[in-house]
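Straight run, no breaks: the sequence shown in the numbering used here ends on number 312. No residue lacks a Cβ here, since even glycine has one placed at the ideal position from N, Cα and C. Notes follow the structure.
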Amino acid sequence: MSWTVVILIVIAVVDFRNGRRWTRYRGSQTIVRSPRRCNGGPKKAGDIILGNSGGAEITKHKANSRDLLTLIDPLCEKTIRTTVLDRFPDHDFLGEEDVPPGKEASAAAIEEKLNKNGSASNKNGSDWLWIVDPIDGTTNFVHGMPLNMPSIAAAYKGRVVVGVIYDPHRDELFTATKGGGSFLNGNPIRVGEQSKLGDAVVAMGSPPGEQSMKMSLIGVQALMPKVRTIRMIGSAAIMLAWIANGRLTAYWEYDLSSWDIAAGALIIQEAGGDFTDLAGDPFTLRTRKIVASNGRIHDDLLAVLNDAGIV
Ligand code: IPD
Ligand code: CA
Numbered sequence: 002m003s004w005t006v007v008i009l010i011v012i013a014v015v016d017f018r019n020g021r022r023w024t025r026y027r028g029s030q031t032i033v034r035s036p037r038r039c040n041g042g043p044k045k046a047g048d049i050i051l052g053n054s055g056g057a058e059i060t061k062h063k064a065n066s067r068d069l070l071t072l073i074d075p076l077c078e079k080t081i082r083t084t085v086l087d088r089f090p091d092h093d094f095l096g097e098e099d100v101p102p103g104k105e106a107s108a109a110a111i112e113e114k115l116n117k118n119g120s121a122s123n124k125n126g127s128d129w130l131w132i133v134d135p136i137d138g139t140t141n142f143v144h145g146m147p148l149n150m151p152s153i154a155a156a157y158k159g160r161v162v163v164g165v166i167y168d169p170h171r172d173e174l175f176t177a178t179k180g181g182g183s184f185l186n187g188n189p190i191r192v193g194e195q196s197k198l199g200d201a202v203v204a205m206g207s208p209p210g211e212q213s214m215k216m217s218l219i220g221v222q223a224l225m226p227k228v229r230t231i232r233m234i235g236s237a238a239i240m241l242a243w244i245a246n247g248r249l250t251a252y253w254e255y256d257l258s259s260w261d262i263a264a265g266a267l268i269i270q271e272a273g274g275d276f277t278d279l280a281g282d283p284f285t286l287r288t289r290k291i292v293a294s295n296g297r298i299h300d301d302l303l304a305v306l307n308d309a310g311i312v
């Protein structure tokens with residue numbers, strides 16, 4: 002399935018929420034049901050990422066030597082942006098590649114969008130904001146590991162109402178709409194059943210930032226003896242998607258940006274899981290210190306992290 006198809010799905014869902022009729026998108030629904038039929042379309046971002054899945058060249062280091070950028074990231078973002086804004090010219094758009102590196106800039110970027118969102122000063126007065134990470138897992142992408150993907154969310158008046166994570170390597174499309182449940186390739190998904198921390202498979206970040214790295218090291222020491230195992234997969238999007246369908250039990254990371262987590266937060270919540278910050282407060286688009294889980298082990302996980310001084 003190509004990224005164009007993914008975007009068509011998101012557009013169809015957004016239109017649905019806007020009160021328009023699904024039938025208007027009968028064409029895109031047909032494509033969704035038979036994704037391989039759309040091979041002959043315009044050049045697609047999905048083709049680009051898969052075409053480079055053997056590894057991509059680093060074009061720039063962003064915040065530090067561990068924060069990478071390839072030529073492909075902005076190319077994919079442009080493809081997504083063009084597709085979205087062609088259809089919804091009055092919607093607002095926030096993509097990772099528009100924002101200067103570093104946590105301050107990314108926090109400021111979402112703050113600015115949220116302050117404008119729904120107000121008269123917003124772009125054409127739109128209540129809609131798209132939040133996009135064109136390739137989450139850029140380091141995996143650079144090294145040819147098939148663990149990278151786009152993460153696309155649409156927020157209405159500051160609340161995420163549509164989330165899509167598409168894994169082109171496994172052709173797995175995770176979707177959620179607010180109040181409408183979560184799906185993998187159209188089939189409903191639920192979080193895992195584990196109710197004890199000792200049975201939990203907990204994912205973590207190996208983040209580029211100094212402070213988050215320090216917290217990760219403290220966290221790994223505190224958690225490893227208490228959980229079944231720990232995984233560091235290198236893409237927030239995939240770790241969140243995999244909680245939603247029960248492959249992972251939980252994931253926490255000390256500092257992430259809105260584009261890393263917006264889609265995944267909704268997909269987990271709609272699959273029956275919990276998504277909070279390290280204080281246990283519910284997810285908002287401003288949340289950066291994240292704890293996501295199947296819900297059943299959430300409090301125990303928070304307690305271990307907080308007791309270790311991770312707050
Ligand atoms: C990164 C990934 C990684 C996480 C980092 C993120 P990027 O996003 O999600 O898993 O640990 O904190 O920055 O840079 O690959 O889009
Ligand atoms: Ca990311």
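Among the options, nearest to residue i - alpha-carbon criterion
i: L98; options: E112, P90, I81 and L86; result: A quick correction: the sequence has Glu, not Leu, at residue 98. It is I81.
i: A242; options: N65, W131, I311 and S152; result: S152
i: T230; options: V143, M205, T176 and V292; result: M205
i: I132; options: I59, L224, V11 and G247; result: V11
i: K79; options: S54, D134 and G56; result: D134
i: T176; options: A280, I239 and D87; result: I239
i: N149; options: A156, V161 and I166; result: I166
i: G308; options: W260, Q212, G56 and I219; result: Note that residue 308 is Asp in the sequence shown here, rather than Gly. Considering only alpha carbons, the answer is I219.
i: G164; options: G210, N65 and D261; result: D261
i: F284; options: K104, D87, V162 and T60; result: V162
i: D256; options: G103, G52, G96 and G56; result: G103
i: P147; options: T288, D168, A155 and A156; result: D168
i: D91; options: N65, W129 and L224; result: W129
i: F184; options: G281, L267, D300 and T71; result: L267
i: E254; options: R232, G247 and L51; result: R232
i: A264; options: H144, R160, G145 and H62; result: R160
i: E105; options: R289, V312, D300 and G187; result: R289
Span of the beta strand (DSSP E), counted from its first residue to its last, around residue i
i: P135; result: W129 to D137
i: S236; result: Segment: none, S236 is in no beta strand (DSSP E) and carries neither H nor E.
i: R229; result: Looking at the DSSP string, R229 is not in any beta strand (DSSP E), and its letter there is neither H nor E.
i: S152; result: M150 to Y157
i: M205; result: V202 to M205
i: V162; result: R160 to D168
i: V292; result: I291 to S294
i: L95; result: D93 to G96
Cβ pair residue i, residue j closer than 7 angstroms
i: K158; j: L198; result: no
i: A237; j: D74; result: no
i: L286; j: I49; result: no
i: P249; j: V202; result: Note that residue 249 is Leu in the sequence shown, not Pro. Yes; because the gap between Cβ atoms is below 7 angstroms, this pair is in contact.
i: L269; j: A251; result: Just to set this straight, residue 269 is Ile in the shown sequence, not Leu. Going by C-beta atoms, I269 is not nearer than 7 angstroms to A251.
i: S54; j: S258; result: no
The alpha helix (DSSP H) enclosing residue i, as first and last residue numbers
i: E173; result: Careful: E173 lies outside any alpha helix (DSSP H), inside the beta strand (DSSP E) at E173 to T178.
i: L302; result: H299 to D308
i: E254; result: Here E254 belongs to no alpha helix (DSSP H); instead the beta strand (DSSP E) covers A251 to E254.
Residues that DSSP places opposite residue i in a beta bridge
i: I61; result: The sequence given here has Lys at residue 61, not Ile. For K61, which the question treats as bridged, DSSP gives the partners L70.
i: P283; result: T277
Pairs of beta-carbons, one from the stretch 265–279 and one from the stretch 288–303, closer than 8 angstroms: are there three or more? Yes, since at least three Cβ pairs between the stretch 265–279 and the stretch 288–303 fall closer than 8 angstroms, the two stretches touch.
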